[in-house]
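A short worksheet on the structure shown next.
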Amino acid sequence: MGELTATIPCSEAVRQLWDYLDHAIAPEDQERVEHHLSFCRRCCGELEFANEIRRFLAGGSSEEIPPHVKARLERFVEEL
Amino acid sequence: MHPSDDAIHSAPGTSIPRKAMGTAPSERMSGIATRDRTKEAFEDLARNELPGLYSLARRLVRDGAEDLVQEALLQGYRGFGTLKTDAAAGRWLKTILVNVFRDQLRKRARSVEEVAAGDLDDFSLYRTLIDEDPFPYSDSLHTDFLGTFDREDLREVLLRLPDIYRAPLVLRYMEGFSTKEIARQLEAPLGTILARLHRGRNLFEKAMWAYARESNLIRRGDDDG
Chain A
4 MGELTATIPC SEAVRQLWDY LDHAIAPEDQ ERVEHHLSFC RRCCGELEFA NEIRRFLAGG
64 SSEEIPPHVK ARLERFVEEL
Chain B
23 MHPSDDAIHS APGTSIPRKA MGTAPSERMS GIATRDRTKE AFEDLARNEL PGLYSLARRL
83 VRDGAEDLVQ EALLQGYRGF GTLKTDAAAG RWLKTILVNV FRDQLRKRAR SVEEVAAGDL
143 DDFSLYRTLI DEDPFPYSDS LHTDFLGTFD REDLREVLLR LPDIYRAPLV LRYMEGFSTK
203 EIARQLEAPL GTILARLHRG RNLFEKAMWA YARESNLIRR GDDDG
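For the record, the sequence lines run as chains A and B.
Quick note on numbering: the first sequence equals residues 4 to 83 in our numbering.
Quick note on numbering: the second sequence equals residues 23 to 247 in our numbering.
The following block contains the structure:
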């Protein structure tokens, strides 16, 4: 961590957590969030929960297709 | 550019110019020319991809998921010859479906309903759960909260979000598309997609909390006494 790393408040760290997890922020912002997380237990909790929500969303992607809908769509494809 | 990215570029319905139909000499040399683009091959592909396409359509629209899939299949069949690699076929069809969704949205929406960031940034579901403590005897409050949502609950929460926020959220975190891919699919600047993802995540957390209270997934604190 560089000497010039600015300390950011919790509100700023929390605002950037998802982008931090996505690696979607500039390296210097990434460093600032990491610096904040190194001393703020509450924001570490926020980070862990943000990760849980991401896993929750990713896990909800597959859905059973009702048999009657599947049959209709298969017939549609056959008749193309 | 990633191979699948290239294949997705040629998805029918995008504004990006389609690559020339037919097989390039370099592809013939590398053996890609053996790819099967017959009606039977499309039927096999469609059958395999139906569950994924239907799931995606149900996340994007409340009603009309089947129609959305049908239109995507029709456009996919018409553009099947432009699909470059079989490995990318599933994502290619999903991209076509998103294009159809985007076009429907444009026809329907007169204006885009942006939500001001300032209204949302103060909300933290993590802190709200600690403050409200809906499961007083839980050692894993936040995990337990997420565990109360089944698949239909999740869908309902997503459908409460305005389309412009729901679509990037679904495509990024449920379908695994990159933000650049989403920007191309929805024909919006990357910065706009990033901003909508940010607001969409906030709206999603807020909607989860509201839905959990309204639908009695958790007991309201003021009901405890």
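Every residue gets a Cβ at the ideal spot worked out from N, C-alpha and C, and that includes glycine.
Is it buried or exposed for residue i, if we count other Cβ within 10 angstroms and need 16 for buried?
i, result
"A146/B", "Sequence inspection shows Ser at residue 146/B; the Ala mentioned does not correspond to that position. Counting Cβ neighbours within 10 Å, S146/B comes out buried, since at least 16 surround it."
"N121/B", "buried"
"H71/A", "exposed"
"F42/A", "exposed"
"G98/B", "buried"
"S162/B", "exposed"
"A189/B", "buried"
"T117/B", "buried"
"Y195/B", "buried"
"K106/B", "buried"
"E227/B", "buried"
"L168/B", "buried"
"Y159/B", "exposed"
"E203/B", "buried"
"H164/B", "buried"
"A232/B", "exposed"
"A20/B", "Since the displayed chain B opens at 23 and closes at 247, residue 20/B lies outside it and no answer follows."
Could you check whether the Cβ of residue i sits closer than 9 Å to any Cβ belonging to chain B?
i, result
"R44/A", "no"
"A61/A", "yes"
"A53/A", "yes"
"R35/A", "no"
"A16/A", "no"
"D32/A", "no"
Rounded to whole angstroms, how far is the Cβ of residue i from the Cβ of residue j, which I believe are closer than 8 Å?
i, j, result
"A234/B", "T150/B", "With a Cβ gap of about 10 Å, A234/B and T150/B do not count as contacting."
"E95/B", "F79/A", "Reading off the sequence, residue 95/B comes out as Leu, not Glu. Contact holds; Cβ gap of about 7 Å."
"I68/A", "Y76/B", "5 Å"
"R14/B", "R59/B", "Outside the shown range of chain B (23 to 247) lies residue 14/B, about which nothing can therefore be said."
"L225/B", "L183/B", "5 Å"
"E66/A", "R173/B", "6 Å"
"L191/B", "R223/B", "7 Å"
"E88/B", "L83/A", "E88/B to L83/A, Cβ: 15 Å. No contact."
So, is the C-beta of residue i closer than 9 Å to a C-beta in chain A?
i, result
"S146/B", "yes"
"S77/B", "yes"
"P190/B", "no"
"P73/B", "yes"
"E88/B", "yes"
"V122/B", "no"
"A68/B", "yes"
"I54/B", "For I54/B, the predicted model reports a pLDDT of 44, less than 50, meaning its position is unreliable; a value from the coordinates is still stated below. It does not; no Cβ of chain A falls within 9 Å."
"V248/B", "Nothing about residue 248/B can be reported from this structure: the residues present for chain B run from 23 to 247 only."
"R59/B", "no"
"E65/B", "yes"
"E154/B", "no"
"Q92/B", "yes"
Considering only residues of the same chain and omitting the five flanking positions on each side of residue i, which have a CB-CB separation below 7 Å?
i, result
"D22/A", "I28"
"D185/B", "L127"
"G53/B", "With a pLDDT of 40 at G53/B, under the threshold of 50, the modelled position of this residue cannot be trusted; read the value that follows with caution. So no residue of the chain qualifies."
"D153/B", "none"
"Q19/A", "I28, D32 and V36"
"L216/B", "T201"
"G112/B", "E71 and G74"
"E197/B", "L78 and K116"
By Cβ distance, which residues of its chain are closer than 8 Å to residue i, with the 5 residues on each side in sequence left out?
i, result
"L72/B", "V91"
"D175/B", "Y233, S237 and L239"
Within a Cβ cutoff of 6 Å, which residues of the same chain sit near residue i, ignoring the five residues on either side of it in sequence?
i, result
"C2/A", "The first residue shown for chain A is 4 and the last is 83, placing residue 2/A beyond what the model contains."
"M230/B", "V179"
"D166/B", "F157 and S160"
Handout entry: Contained alpha helix (DSSP H) runs [length at least 4] in the region 90–155 of chain B, N- to C-terminal order
Key = 111–130 and 147–154
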